[in-house]
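Peer 1: My structure is below; once you've seen it, I'll send some questions.
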Amino acid sequence: MNSLEVSLTPAEFAEIKSRDLGNTTCVVFDILRATTSMTNALANGAEAIIPVSEISEAIAVYEKDNDVLLAGERHGHRILKDQTGSVDFVFGNSPREFTADKVAGKTIVTTTTNGTRALQACSGAKQVLIGSFLNLSAVANWIAQNKPENLLLVCAGTFEEAAYEDILAAGALADLVWAHYCAGKITDSTHIARQIYQLSKRDLTGAMQFARNGRTLMNVPDLRDDVAFCLRQNIFDFVAEMKGGRIRQITK
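When you read off a place in the sequence shown, starting at 1, and then add 2, the result is the number in the working numbering.
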């Protein structure tokens, strides 16, 4: 029997990592803003993205290969020399930073508060896909074509709490693939996410009043436009997969 499950909070990361995910496809959502930034960077020609949990890990990769570009945030702001002890990161975590003139042909090493933790929790899965509103239909189409037996939608959350925008996006994907899984095992968390999406789908921007991250970004003038950017739907028609610790496009 196939299954569709949503992981709502970072408290579940340890349990996910301990599970046998050999027959499970995971889709990771960090809508504001890590997985959206990854998707936009790849769309603009980045060769690959290497997610790491710690700043020190990113610096270690950079010291071995100065051609990589460092990206990352802590508490929503770009990582600077006073945090690394050596270099400023080129990018923060705004998807609007990852323009073609800066990232085409490049490998990016990124570390974020929750997004990279969520990805690493899923590292034992059969496939790990990157979820965003920017390419949600492409991800749904990939799922329809490849028919993974078990589908786990992982919400990165904020620190140790759930994030409304991640649950909203997971619910949107659950809604798109519902017909493929409704005869199997559907968890309560999946119903919760889908219900939230169905209540909010006509006004995603308005729904950000319920999202702490959305409210926070809206109150920072330089980051306010990130919210609208991250809620744009289906502007890219590719899927990105993390494999061997690197995220790349797998469909054009």
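Virtual Cβ for every residue (Gly too), placed ideally from N, Cα, C.
Which of the three DSSP states is assigned to Thr-86 in this structure?
Peer 2: Stepping through the sequence shown from its first residue, residue 86 is reached at position 84. In the structure shown, Thr-86 sits in a helix (DSSP, three-state: H, G or I).
Peer 1: May I ask you to report which of helix, strand or coil DSSP gives Met-220?
Peer 2: Here residue 220 corresponds to residue number 218 of the sequence shown, with the count starting at 1. Note: Met-220 maps to helix in three-state DSSP.
Peer 1: Taking the continuous alpha helix (DSSP H) assigned at Cys-28, which residues delimit it?
Peer 2: Reading the sequence shown from its first residue, position 26 is the one you call residue 28. First-last for Cys-28: 26 to 31, but that is the beta strand (DSSP E), not the alpha helix (DSSP H).
Peer 1: Go to Cys-157, then tell me how far its beta strand (DSSP E) extends in each direction, as first and last residue.
Peer 2: Along the sequence shown, read from residue 1 onward, the residue named residue 157 stands at position 155. Element bounds for Cys-157: 152 to 157.
Peer 1: Going by C-alpha distance, which of Val-63, Ala-73 and Ala-16 is nearest Ala-120?
Peer 2: Taking the first residue of the sequence shown as position 1, residue 120 is located at position 118. Checking every option, the nearest Cα to that of Ala-120 belongs to Ala-16.
Peer 1: Sort out for me which residues DSSP pairs Arg-248 with in a bridge.
Peer 2: By 1-based counting over the sequence shown, the position of residue 248 is 246. Arg-248 pairs with Lys-245.
Peer 1: Unbroken alpha helix (DSSP H) runs of length 4 or more, entirely within the stretch 90 to 156: which are they?
Peer 2: Segments of the alpha helix (DSSP H) lying fully in the stretch 90 to 156: 102 to 105, 117 to 123 and 138 to 148.
Peer 1: Going by other Cβ atoms of all chains shown within 10 Å of its Cβ, with 16 needed for buried, is Glu-162 buried or exposed?
Peer 2: Along the sequence shown, read from residue 1 onward, the residue named residue 162 stands at position 160. Glu-162 is exposed by the Cβ-count criterion.
Peer 1: Is Ser-55 helix, strand or coil by DSSP?
Peer 2: As a working mapping, residue 55 is identified with position 53 in the sequence shown. If DSSP states are grouped into helix, strand and coil, Ser-55 belongs with coil.
Peer 1: To the nearest angstrom, report how far apart Leu-72 and Ile-61 are at their CA atoms.
Peer 2: For this step, residue 72 is matched to residue 70 along the sequence shown. For this step, residue 61 is matched to residue 59 along the sequence shown. In a straight line, the C-alpha of Leu-72 is about 8 Å away from that of Ile-61.
Peer 1: Nearest to Gly-78 by CA position, among Asn-236, Ala-36 and Ala-174, is which residue?
Peer 2: Counting from one through the sequence shown, the residue named residue 78 turns up at place 76. Of the candidates Asn-236, Ala-36 and Ala-174, the one whose C-alpha sits nearest the C-alpha of Gly-78 is Ala-36.
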